[in-house]
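Student: Below you'll find the structure I mean.
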Amino acid sequence: MKKITKRVFLILFLFSVLFSLNAEIRMPAIFGDNMVLQQQSEAAIWGWAKANSSVRVTTSWDKRSYSARSDGQGYWKLKVKTPAAGYTPYTITISDGKAITLNNILIGEVWVCSGQSNMEMPMKGFSNQPIEGGPEAIATSRNPGIRCFTMKKASKSVPQADCEGTWEVAGPETTPDFTATGYFFGRLLNQVLDVPVGLIHTSWGGSRIEAWMTPSSIKSVIPDVQIPVTDADIKSQNGTPTVLYNGMLHPIVGYGIRGAIWYQGESNRDEPDRYVELFDKMVREWRTIWEVGEFPFYYCQIAPYNYGGGLNSAFIREAQSKGMKTTPNTGMAVLMDSDSPDCIHPPKKKYAGERLALWALAKTYGMDKIHYRSPEVQSVIMEGRVAVLTMDIPSSPGLTTHGKEVLQFQVAGDDKRFYPAKAAVDGNRIFVFSPNVEKPAAVRYCFNDTEATEIFTVEGNLPLSSFRTDNW
């Protein structure tokens, strides 16, 4: 019996060795049919072949061949030059003696879409939580120029070399499963730029920002953080530090991209001060390890929602707004008009995606004449009993309340007691007054969990975020 067991083991061992010697090219999931490669770049391509073998990659757009040599484990990597974006489908052939071909490849603009459930929320909606305008958008979504790679969830204690997922071409059969925020973002880019757009969707509902960070970036903020050593050490599949970076980001790091969009923050709302540091460290670290430059990183501010306890979520919105000042080449889409105080997943994902796209069009693609960002307070002066706020936009056409009364301002004196205040809008200025405060010292607006903004820019109709002028 023991001899038979040894013989079986020997046969299996020899078979595995023989298989490895004759293994054909294997590509990571991110490289597949229907993929989009970043235009006019040196796009990285990698995979596995026979150990210590010569690998040849041929691109059909220029008939050029590139070569690399695999290492002892069969891993290889090289870069290919991509042309200008277009709708002509191409192929890439990879061979180490036995060839495989990737088909229907487009050259365009590639963006990573990451975060928690508001990025994960698909075009078909969640249970009892629809996407506003979703059915019509899905029905009219057939477009070979929009493609999405949706990564299967994976929580891991060590960085993974590969992931699960496939590239899908937009259409009524596939779009229902696309990230809604990502789809509306990509659709507007595609319409305006008239180039293919590839979306790499990697998100997990309820995830904390720490889960998307490397150990070094987390430890620079939280030195004593506990990093899991094995999968058994993972206490929270979507919250333990590094686990989603390992399972859902590391497998695609280095893939040619233009930038990233991010919708996350609800799960970190009780730690606003720390979030400012974590966000900055995460973005900078992603850029470092991606090795494609200081790519743009645009993100959504979380929307008003009744959390029913914990720290006032206006503080995390404030922390998110600081990201634009602490982290270069970033921009924030304000969603204070989401009109969803009792649902943490606002149905107006078109607002989220298209406002992110406005940032990209203006700052990444050079269309800086469009109105792309919500205003912020430029200055505040006290004129007697009136606080005068000036916003950082031109006075004409300025701000509007759409004819509605403004009810969400509060004013306090040096005693730090806030009272409801009246407000009037004129151009780019807001005049705030409370009969209960003789000498105003601080102003707050929508500074609570649920209240929606009442003030918008005339140009662009973009909402004013919640804010405070104090640091109390």
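Under the numbering used here, the first residue of the sequence shown carries the number 4, and numbering increases by one thereafter.
Even for Gly, the Cβ is constructed at its ideal location relative to N, Cα and C.
Just so it is clear, the structure is predicted and the values come from calculations on it, not from any experiment.
DSSP state of Tyr302, grouped into three classes?
Tutor: Translated into the one-based positions of the sequence shown, residue 302 becomes position 299. Tyr302 falls in the strand class under three-state DSSP.
Student: Taking Cβ positions, are Leu40 and Thr85 nearer each other than 8 Å?
Tutor: In the sequence shown, residue 40 corresponds to position 37, counting from 1. In the sequence shown, residue 85 corresponds to position 82, counting from 1. Their beta carbons are under 8 Å apart, which means Leu40 touches Thr85 by this criterion.
Student: What would DSSP say about Gly250, mapped onto helix, strand or coil?
Tutor: Here residue 250 refers to the residue found at position 247 of the sequence shown. Here Gly250 sits in helix by DSSP.
Student: Check the C-beta distance from Lys353 over to Gly208 and give it rounded, since I have them as a contact under 8 Å.
Tutor: Translated into positions along the sequence shown, residue 353 becomes position 350. Translated into positions along the sequence shown, residue 208 becomes position 205. With a Cβ gap of about 20 Å, Lys353 and Gly208 do not count as contacting.
Student: Helix, strand or coil for Thr169? Go by DSSP, reduced to three states.
Tutor: Your numbering for residue 169 matches position 166 in the sequence shown. In this structure, Thr169 counts as coil in the three-state DSSP scheme.
Student: Between which two residues does the alpha helix (DSSP H) containing Leu465 stretch?
Tutor: For the purposes of this step, residue 465 is identified with residue 462 of the sequence shown, where counting begins at 1. Element bounds for Leu465: n/a, residue is neither H nor E.
Student: Tell me which residues share the same chain as Gly168 and place their Cβ nearer than 8 Å to its Cβ, disregarding the 5 neighbours each side in the sequence.
Tutor: Position 165 of the sequence shown, counted from the first residue, corresponds to residue 168. So the qualifying residues of the chain are Ala32, Ile33, Phe152, Thr153, Met154 and Lys155.
Student: For Asp418 and Pro254, I'd like the C-alpha separation in whole angstroms.
Tutor: Translated into the one-based positions of the sequence shown, residue 418 becomes position 415. Translated into the one-based positions of the sequence shown, residue 254 becomes position 251. Answer to the nearest angstrom: the Cα atoms are 54 Å apart.
Student: What are the boundary residues of the alpha helix (DSSP H) that includes Ala140?
Tutor: The count along the sequence shown starts at 1 and reaches residue 140 at position 137. That run of the alpha helix (DSSP H) goes Gly137 to Ala142.
Student: Give, in chain order, every unbroken run of the beta strand (DSSP E) that is at least 3 residues long and sits entirely within the segment 362-405.
Tutor: Here the runs fully enclosed are 380-386 and 389-394.
Student: Could you check if Arg290 is buried or exposed, using at least 16 other CB atoms within 10 Å of its CB as the buried criterion?
Tutor: By 1-based counting over the sequence shown, the position of residue 290 is 287. Buried, since its Cβ has 16 or more Cβ neighbours within 10 Å.
Student: Mapping DSSP to helix, strand and coil, what is Met339?
Tutor: The sequence position of residue 339 within the sequence shown is 336, counting from 1. The answer is coil: DSSP assigns Met339 none of H, G, I, E or B.
Student: Counting Cβ pairs, one atom from each stretch, are 3 or more of them under 8 Å apart for the segment 443-462 and the segment 399-417?
Tutor: The answer is yes - the segment 399-417 touches the segment 443-462, with three or more Cβ pairs under 8 Å.
Student: Output the distance between the C-alpha atoms of Arg67 and Gly77, rounded to the nearest integer angstrom.
Tutor: Position 64 of the sequence shown, counted from the first residue, corresponds to residue 67. Position 74 of the sequence shown, counted from the first residue, corresponds to residue 77. So the two alpha carbons sit approximately 23 Å from each other.
Student: Out of curiosity, what's the CA-to-CA distance linking Gly369 and Val286?
Tutor: For this step, residue 369 is matched to residue 366 along the sequence shown. For this step, residue 286 is matched to residue 283 along the sequence shown. Near 22 Å, if we compare the C-alpha coordinates of Val286 and Gly369.
Student: Looking at C-beta atoms only, is the number of pairs between the segment 203-219 and the segment 241-257 that lie closer than 8 Å three or more?
Tutor: With a cut-off of 8 Å, the segment 241-257 and the segment 203-219 count as touching, because enough Cβ pairs lie within range.
Student: Is the segment 180-193 touching the segment 123-130 in the sense that three or more CB pairs, one from each, lie closer than 8 Å?
Tutor: Yes, since at least three Cβ pairs between the segment 123-130 and the segment 180-193 fall closer than 8 Å, the two stretches touch.
Student: What's the C-alpha gap between Glu171 and Pro423?
Tutor: Numbered from its first residue, the sequence shown carries residue 171 at position 168. Numbered from its first residue, the sequence shown carries residue 423 at position 420. The straight-line gap from Cα to Cα measures roughly 51 Å.
Student: Run the CB neighbour count on Thr143, radius 10 Å, all protein chains shown included, and call it buried at 16 or more, exposed below.
Tutor: Position 140 of the sequence shown, counted from the start, is the residue given in the question as residue 143. Thr143 comes out exposed.
Student: Under the assumption that Asp340 contacts Asn309 (Cβ atoms under 8 Å), give the Cβ distance between them as a whole number of angstroms.
Tutor: Numbered from 1 along the sequence shown, position 337 holds the residue referred to as residue 340. Numbered from 1 along the sequence shown, position 306 holds the residue referred to as residue 309. Asp340 to Asn309, Cβ: 16 Å. No contact.
Student: What are the uninterrupted segments assigned as beta strand (DSSP E) that are 3 or more residues long and contained completely in the segment 96-133, given in chain order?
Tutor: Listed in chain order, they are 102-118.
Student: Between the Cα of Ile347 and those of Lys366, Asp371, Gly313 and Ile305, spot the shortest distance and give me the residue it belongs to.
Tutor: By 1-based counting over the sequence shown, the position of residue 347 is 344. The shortest C-alpha separation from Ile347 is found at Ile305.
Student: Run through DSSP, which three-state label would Ile292 get?
Tutor: Stepping through the sequence shown from its first residue, residue 292 is reached at position 289. Correct three-state label for Ile292: helix.
Student: Under a three-way DSSP split, which group does Lys318 fall into?
Tutor: Locating residue 318 in the sequence shown gives position 315, where the first residue counts as 1. Here residue 318 turns out to be Phe, not Lys, going by the sequence shown. If DSSP states are grouped into helix, strand and coil, Phe318 belongs with the helices.
Student: Taking only the alpha-carbon atoms, compute the straight-line gap between Gly311 and Arg211 and give it to the nearest angstrom.
Tutor: Along the sequence shown, read from residue 1 onward, the residue named residue 311 stands at position 308. Along the sequence shown, read from residue 1 onward, the residue named residue 211 stands at position 208. Rounded to whole angstroms, Gly311 to Arg211 spans 19 Å at the Cα level.
Student: Helix, strand or coil for Phe181, going by three-state DSSP, please let me know.
Tutor: The sequence position of residue 181 within the sequence shown is 178, counting from 1. Here Phe181 sits in coil by DSSP.
Student: Using only alpha-carbon positions, find the residue among Lys159, Asp99 and Gly89 that is nearest to Trp51.
Tutor: Numbered from its first residue, the sequence shown carries residue 51 at position 48. Of Lys159, Asp99 and Gly89, the residue nearest in Cα terms is Asp99.
Student: Got a sec? Which residues, its chain only, sit under 8 Å from Arg150 by beta carbon, not counting five neighbours each side?
Tutor: Position 147 of the sequence shown, counting from 1, holds the residue named residue 150. Counting only Cβ-Cβ distances below 8 Å, and skipping sequence neighbours, we find Asn37, Met38, Val39, Leu109, Trp170, Glu171, Val172, Ala173, Pro199, Val200, Gly201 and Leu202.
Student: Can you list, in chain order, the residues of its chain with a C-beta nearer than 7 Å to that of Leu24? Leave out the 5 residues immediately preceding and following it.
Tutor: In the sequence shown, the residue the question calls residue 24 occupies position 21. A caution first: Leu24 carries a pLDDT of 44, below 50, which makes its placement in the model unreliable, though a value can still be read off. Closer than 7 Å at Cβ, skipping near neighbours: Lys53.
Student: Is the segment 292-305 in contact with the segment 263-278, if contact means three or more CB pairs nearer than 8 Å?
Tutor: Touching, per the Cβ criterion.
Student: Whole alpha helix (DSSP H) runs in the segment 212-291 with 4 or more residues, listed along the chain?
Tutor: You should have 218-222.
Student: Could you name the residues that DSSP lists as bridge partners for Gln413?
Tutor: Here residue 413 is taken as the residue at index 410 of the sequence shown, counted from 1. Note: Gln413 sits in a beta bridge opposite Pro423 and Arg447.
Student: Would you give the residue range spanned by the beta strand (DSSP E) that Tyr78 belongs to?
Tutor: Numbered from 1 along the sequence shown, position 75 holds the residue referred to as residue 78. Run containing Tyr78: Tyr78 to Lys84, per the beta strand (DSSP E) assignment.
Student: What does DSSP give as the partner residue(s) for Ser68 in the beta ladder?
Tutor: For this step, residue 68 is matched to residue 65 along the sequence shown. Paired residues: Thr61.
Student: Pull up the distance between the alpha-carbon of Glu462 and that of Ala102, whole angstroms please.
Tutor: The residue given as residue 462 occupies position 459 in the sequence shown. The residue given as residue 102 occupies position 99 in the sequence shown. When rounded, the distance between both Cα atoms is 55 Å.
Student: Output the boundary residues of the beta strand (DSSP E) element that contains Ile146.
Tutor: Sequence index remark: in the sequence shown, residue 146 carries index 143 (1-based). Checking the sequence, you will find Asn at residue 146 rather than Ile. That run of the beta strand (DSSP E) goes Asn146 to Thr153.
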